[in-house]
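Trainee: Below is a structure I'd like to ask you about.
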Amino acid sequence: MVARAGSSRASTRRSRTSPPPVVFDRPTLDKARWCRRRLLAWYEQHGRQFPWRSQDAGVFQQVVAEVLLQRTQASTVGRFFGAFFEQFRSWDDIDSAPDEFLESILRPIGLWRRRAIALKALAAEMVARRGDFPDSRGELEILPAIGQYVASAVLLFAQGRPEPLLDSNMARVLDRVFEPRRLVDIRYDPRLQGLARLLVRSREPARINRAILDLAARHCGRSPTCEECPLRTRCNFALHNRSGPSSRVPQINEAALGRRRPQGVKD
DNA sequence: CTCCTGGATA
DNA sequence: TATCCGGGAG
Numbered sequence: 013m014v015a016r017a018g019s020s021r022a023s024t025r026r027s028r029t030s031p032p033p034v035v036f037d038r039p040t041l042d043k044a045r046w047c048r049r050r051l052l053a054w055y056e057q058h059g060r061q062f063p064w065r066s067q068d069a070g071v072f073q074q075v076v077a078e079v080l081l082q083r084t085q086a087s088t089v090g091r092f093f094g095a096f097f098e099q100f101r102s103w104d105d106i107d108s109a110p111d112e113f114l115e116s117i118l119r120p121i122g123l124w125r126r127r128a129i130a131l132k133a134l135a136a137e138m139v140a141r142r143g144d145f146p147d148s149r150g151e152l153e154i155l156p157a158i159g160q161y162v163a164s165a166v167l168l169f170a171q172g173r174p175e176p177l178l179d180s181n182m183a184r185v186l187d188r189v190f191e192p193r194r195l196v197d198i199r200y201d202p203r204l205q206g207l208a209r210l211l212v213r214s215r216e217p218a219r220i221n222r223a224i225l226d227l228a229a230r231h232c233g234r235s236p237t238c239e240e241c242p243l244r245t246r247c248n249f250a251l252h253n254r255s256g257p258s259s260r261v262p263q264i265n266e267a268a269l270g271r272r273r274p275q276g277v278k279d
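Residues 13 to 279 in the working numbering are what the first sequence spells out, letter by letter.
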């Protein structure tokens, strides 16, 4: 039961995220379909369980979890999940909590100061909104703590729309299976976003999203285990990779993609 | 050491 | 468009 609040007229005029003007050729469309099937089959057996993926998790927990997951490993948030939501069970709980208390709870997983500010601002907004999110991406991305990624998560989980959870992991999978991205920053690469949106265009977009994220975490990291990957037979990286018996992977010019920060050490 | 389901800021 | 936030796991 999707309540479409007739926003057809003032449709997302020009949000920070461009609409999908990207057109793909037939081979790419076929490959995407093939990937979807393989991913779902793989996810059926190897998908990971997390609290925020549970049926028990409401939109509140799902969205807050997305904020907790930013630049943070899922396993870390997995261990942290119970302790956090035992203290904060609603937007109102966060809104009414003292800043320093929220910070102290967030401290173990890092980014605690920024996250406290962001969650506070978002909670206040959500209390004022009586708990319901706007239904357009443009309106969502205005809200505090909500950027392109979390906006997609809200549209995906709260409205069941086929939006991609395009993070650095999904980007890496798409780079390898399809074409390398143009831009270093995935947030401003229309081609990459269009590709991600194409992949999750299915009956169960949430499952596809999770399948890709889990695949990236399990087999498609910096040192990928292509032998066990369900996409290996049509993945550029895996195909180039199988040329030799050595398990050591030399280099695919991937060094230019990941940002190399000098990270000056000061003594 | 790098990386982790990014977003706000200048 | 580049930088910062942050503790923890690998």
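Heads up, the beta-carbon is just placed ideally off N, CA and C, and yes, glycines get one too. All of these numbers come straight from a predicted model, not from anything done at the bench.
Give me, in chain order, the residues of the same chain whose beta-carbon lies closer than 6 Å to that of GLY90; leave out the 5 immediate sequence neighbours on both sides.
Mentor: PHE62
Trainee: Using the Cα positions of HIS231 and THR245, report the straight-line distance between them to the nearest angstrom.
Mentor: 14 Å
Trainee: In three-state terms, what does DSSP make of LEU81?
Mentor: Assignment of LEU81 by DSSP, reduced to helix, strand and coil, places it in the coil class.
Trainee: Quick check on DSSP: helix, strand or coil for ASP197?
Mentor: coil
Trainee: Any contact between the segment 69–81 and the segment 44–55? By contact I mean 3 or more CB pairs, one from each, below 8 Å.
Mentor: no
Trainee: Which first and last residues belong to the alpha helix (DSSP H) in which ALA140 is found?
Mentor: 124–140
Trainee: Here's the rule I'm using: 16 or more other beta-carbon atoms within 10 Å means buried, otherwise exposed. How should VAL189 be labelled?
Mentor: buried
Trainee: Beta-carbon separation of ARG222 and PRO176 under 7 Å?
Mentor: Contact: no.
Trainee: Taking a contact to mean a Cβ-Cβ separation below 7 Å, would you say ILE154 touches LEU131 in this structure?
Mentor: Cβ distance not < 7 Å, so ILE154 and LEU131 don't count as in contact.
Trainee: Just to confirm before moving on: does the CB-CB distance between ALA135 and TRP103 stay below 7 Å?
Mentor: yes
Trainee: Taking the beta carbon of VAL35 as the centre, do at least 16 other beta carbons fall within 10 Å, making it buried, or is it exposed?
Mentor: exposed
Trainee: Comparing C-alpha positions only, which one of LEU207, LEU118, GLU137 and SER87 sits nearest to PRO156?
Mentor: GLU137
Trainee: Give the DSSP-derived three-state secondary structure of GLU56 in the structure shown.
Mentor: It is helical.
Trainee: Measuring CB to CB, does ALA140 end up less than 7 Å from ASN181?
Mentor: Against a cut-off of 7 Å, the Cβ pair of ASN181 and ALA140 comes out as no contact.
Trainee: With a Cβ-Cβ cutoff of 7 Å, do PHE100 and ILE121 count as a contact?
Mentor: no
Trainee: Check SER164 in the structure and name its three-state DSSP category.
Mentor: helix
Trainee: Classify LEU80: buried if its beta carbon has 16 or more other beta carbons within 10 angstroms, exposed otherwise.
Mentor: buried
Trainee: Determine the direct distance from the alpha carbon of VAL71 to that of ILE158, and round the result to whole angstroms.
Mentor: 14 Å
Trainee: Under three-state DSSP, which class holds ARG119?
Mentor: helix
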